[in-house]
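One structure is given below, encoded as structure tokens.
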Amino acid sequence: MTRRVLRQLWISRSRYLLTFLAIVMGVAFVNATLTLTDSIGAGDEATVEAGEAGIDAVIDAVP
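Numbered by the working numbering, the letters in the sequence shown go through residues 768 to 830 in order.
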């Protein structure tokens, strides 16, 4: 049984290699998207905090 499985893996190695590559690329794209989203959010937060530096009070309109 083990020989048969190994033989089949060897015969269709390109198919398994391409499947493995697709999975790795998918995980990499998801990781990159989440990292980019987090970085953009942190940058926006830093920009807003820098713009509010030196402000002691904020008055909001009540609807």
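Think of the CB as a built atom: it goes at the ideal place given N, C-alpha and C, for glycine as much as any other residue.
query                                                                                                              : result
Reduced DSSP secondary structure (H/G/I, E/B, other) of Ala-817                                                    : helix
DSSP three-state assignment for Met-768, whether helix, strand or coil                                             : coil
Those runs of the alpha helix (DSSP H) which lie wholly inside the segment 776 to 820 and span at least 4 residues : 780 to 818
CB contact flag (Tyr-783, Leu-773, <8 Å)                                                                           : no
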